[in-house]
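Asker: Have a look at this one before I ask anything.
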Amino acid sequence: MNDTGEDRRPARPGRRNIIRGLGLAAGGLLTGGAGFATEQAWRKEDPPTPASAASVDSWQPPDRQVDVVWAVSTRRRLVALTFDDGPMERWTPQALDALDEAKVPATFFMVGSRLARNARLVEGRLGRHEVGNHTWKHDDLSKLSLAHAYRSIHRTHETIEQVTGRAPTLLRPPWGRLGGTTLHVAAQHGYDLVLWSLLVQDRALGREPDAMVAAVVDNARPGTIVLAHDVGAASRKTAIERLPAMIRGLRGRGFDFVTVSQLRRAAL
Ligand SMILES: [Zn+2]
């Protein structure tokens with residue numbers, strides 16, 4: 051038995067499923083449409099070796115569907131603020147301070163290795179917030195084998211559970227990049243994938259903080275998922291410093307704040 055096996059019998063249902071999963075980045079549904087990669091190409095580049103077994107013969111398709119969420123359809127004026135890449139000294143505590151001050155819940159997509167190192171920054175501070183998985187080292191999941199993707203996501207899952215006492219249910223792939231292996235590991239963990247519909251333009255508008263705030267406040271819609279970062283260069287700090295203004299502006303337009311999971315429960 052080998053797992054490069056060009057002589058292997060074609061078209062086992064499980065293998066087809068993972069290829070179909072690749073179509074999701076464009077199609078948005080795990081079950082939707084035919085995949086664009088040929089089975090042959092997939093096997094040559096990256097055999098779908100399961101994390102727990104040596105042979106593709108034992109590979110089984112996941113039995114759970116994975117949703118991909120950019121925003122939520124809702125009539126309620128709710129938005130979800132999300133913060134990626136922490137926790138780090140710069141600027142996770144500052145973000146938590148601003149959210150505490152305004153009593154606003156948010157969702158933090160954490161990098162597992164950073165959480166393991168910096169747990170003290172968030173311990174006891176996450177009560178109203180949700181924590182999601184952002185891989186172990188901010189990995190590009192579109193390039194990882196199933197075994198590597200599993201390790202990255204699972205290690206982060208366990209660390210989040212240890213530190214927060216709650217198992218995460220959401221995964222945000224770094225840069226929004228995902229592959230078939232991402233979907234498989236997400237299904238194994240009972241995760242759905244969360245992307246975003248509105249980006250805080252800290253890079254483009256970092257020197258024009260009023261415009262940066264206005265771009266968020268003016269463009270939010272019911273069900274918007276806002277992506278900000280609580281780690282990074284000075285422009286990221288500017289965005290965190292302007293968080294109170296964004297919150298005030300959004301409240302002024304009648305919006306209320308929820309975590310991503312709460313937002314999904316408010317879906318039509
Ligand atoms: Zn990230």
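Under this note's numbering, residues 51 to 318 are what the sequence shown spells out, in order.
In this text, a Cβ means the ideal position worked out from N, Cα and C, and glycines have one as well.
Just to check my reading of the structure: residue 203 and residue 221 have Cβ atoms closer than 8 Å, yes? What is that Cβ distance to the nearest angstrom?
Answerer: Indexing the sequence shown from 1 puts residue 203 at position 153. Indexing the sequence shown from 1 puts residue 221 at position 171. Between residue 221 and residue 203 the Cβ distance is about 7 Å, and since that is below 8 Å, they are a contact.
Asker: Given this structure, state the Cα-to-Cα distance separating residue 137 from residue 250, to the nearest angstrom.
Answerer: Along the sequence shown, read from residue 1 onward, the residue named residue 137 stands at position 87. Along the sequence shown, read from residue 1 onward, the residue named residue 250 stands at position 200. In a straight line, the C-alpha of residue 137 is about 18 Å away from that of residue 250.
Asker: Would you call the stretch 298-315 in contact with the stretch 106-126, where contact means no fewer than 3 C-beta pairs closer than 8 Å?
Answerer: yes
Asker: Is the separation between the beta-carbon of residue 146 and that of residue 155 shorter than 9 Å?
Answerer: Looking up residue 146 in the sequence shown gives position 96. Looking up residue 155 in the sequence shown gives position 105. Going by C-beta atoms, residue 146 is not nearer than 9 Å to residue 155.
Asker: Which stretch, first to last residue, makes up the alpha helix (DSSP H) that contains residue 138?
Answerer: Along the sequence shown, one-based indexing puts residue 138 at 88. That residue, residue 138, is in no alpha helix (DSSP H); it is neither H nor E in DSSP.
Asker: Are residue 224 and residue 184 touching if we call contact CB-CB under 9 Å?
Answerer: For the purposes of this step, residue 224 is taken as residue 174 along the sequence shown, with counting starting at 1. For the purposes of this step, residue 184 is taken as residue 134 along the sequence shown, with counting starting at 1. Yes, these two residues count as a Cβ contact at 9 Å.
Asker: Looking at residue 191 and residue 232, is the spacing between their C-beta atoms short of 9 Å?
Answerer: As a first step, residue 232 is located in the sequence shown; it is residue number 182 there, counting from the start. As a first step, residue 191 is located in the sequence shown; it is residue number 141 there, counting from the start. Yes.
Asker: Whose beta carbon lies closer than 5 Å to any heavy atom of ligand 1, going through the chain in order?
Answerer: 134, 135, 224
Asker: Which residues in the same chain have their Cβ closer than 6 Å to the Cβ of residue 293, if we skip the five residues on either side of it in sequence?
Answerer: Stepping through the sequence shown from its first residue, residue 293 is reached at position 243. Result list for residue 293: 148, in chain order.
Asker: So what's residue 299 in DSSP terms, helix, strand or just coil?
Answerer: Reading the sequence shown from its first residue, position 249 is the one you call residue 299. In the structure shown, residue 299 sits in a helix (DSSP, three-state: H, G or I).
Asker: Compute the distance between the beta-carbons of residue 158 and residue 179, then report whether it is under 9 Å.
Answerer: The count along the sequence shown starts at 1 and reaches residue 158 at position 108. The count along the sequence shown starts at 1 and reaches residue 179 at position 129. For residue 158 and residue 179, yes; Cβs fall inside 9 Å.
Asker: Using 9 Å as the threshold, is the C-beta distance between residue 130 and residue 275 below it?
Answerer: Working through the sequence shown from its first residue, we reach residue 130 at position 80. Working through the sequence shown from its first residue, we reach residue 275 at position 225. Closer than 9 Å, so yes.
Asker: For residue 81, does the three-state DSSP call read helix, strand or coil?
Answerer: Working through the sequence shown from its first residue, we reach residue 81 at position 31. Note that residue 81 scores 36 on pLDDT, short of 50, meaning its location in the model is unreliable; the coordinates nonetheless yield the value given after this. Three-state result, residue 81: coil.
Asker: Report buried or exposed for residue 268, applying the criterion of at least 16 other Cβ atoms within 10 angstroms of its Cβ.
Answerer: Your numbering for residue 268 matches position 218 in the sequence shown. Residue 268 is exposed by the Cβ-count criterion.
Asker: Does the Cβ of residue 199 have 16 or more other Cβ atoms within 10 Å, making it buried, or fewer, making it exposed?
Answerer: The sequence position of residue 199 within the sequence shown is 149, counting from 1. By the neighbour-count criterion, in which 16 or more other beta carbons inside 10 Å mark a residue as buried, residue 199 falls on the buried side.
Asker: Tell whether a beta-carbon distance below 9 Å holds between residue 114 and residue 237.
Answerer: For the purposes of this step, residue 114 is identified with residue 64 of the sequence shown, where counting begins at 1. For the purposes of this step, residue 237 is identified with residue 187 of the sequence shown, where counting begins at 1. Going by C-beta atoms, residue 114 is nearer than 9 Å to residue 237.
Asker: Could you tell me how far apart the beta carbons of residue 128 and residue 305 are, in whole angstroms, since I believe they sit closer than 8 Å?
Answerer: As a first step, residue 128 is located in the sequence shown; it is residue number 78 there, counting from the start. As a first step, residue 305 is located in the sequence shown; it is residue number 255 there, counting from the start. Distance from residue 128 to residue 305 at the Cβ level is roughly 7 Å; contact confirmed, criterion being Cβ atoms closer than 8 Å.
Asker: By the DSSP assignment, the alpha helix (DSSP H) with residue 268 in it spans what residues?
Answerer: Position 218 of the sequence shown, counting from 1, holds the residue named residue 268. Element bounds for residue 268: 259-269.
Asker: At what residue ranges does the stretch 156-217 contain a whole run of the beta strand (DSSP E), taking only runs of 3 or more?
Answerer: 157-160, 180-183
Asker: What residues in its chain sit with their C-beta under 7 Å from that of residue 301, if we drop five residues either side in the sequence?
Answerer: Sequence index remark: in the sequence shown, residue 301 carries index 251 (1-based). Counting only Cβ-Cβ distances below 7 Å, and skipping sequence neighbours, we find nothing.
Asker: Look at the Cβ atom of residue 252, then the Cβ atom of residue 278, and state whether they are nearer than 9 Å.
Answerer: What you label residue 252 is simply residue 202 of the sequence shown in a count that begins at 1. What you label residue 278 is simply residue 228 of the sequence shown in a count that begins at 1. Yes, the pair counts as a contact, with Cβ atoms nearer than the cut-off.
Asker: How would you label residue 135, buried or exposed, when you count the other beta carbons within 10 angstroms and need 16 or more for buried?
Answerer: Residue 135 sits at position 85 when you count from the first residue of the sequence shown. By the 10 Å Cβ count, residue 135 comes out buried.
Asker: From what residue to what residue does the alpha helix (DSSP H) around residue 234 run?
Answerer: As a working mapping, residue 234 is identified with position 184 in the sequence shown. Counting along the chain, the alpha helix (DSSP H) containing residue 234 begins and ends at 230-238.
Asker: At which residues does the alpha helix (DSSP H) containing residue 116 begin and terminate?
Answerer: As a first step, residue 116 must be located in the sequence shown, where it is residue number 66. It is not in any alpha helix (DSSP H) - residue 116 carries neither H nor E in the DSSP assignment.
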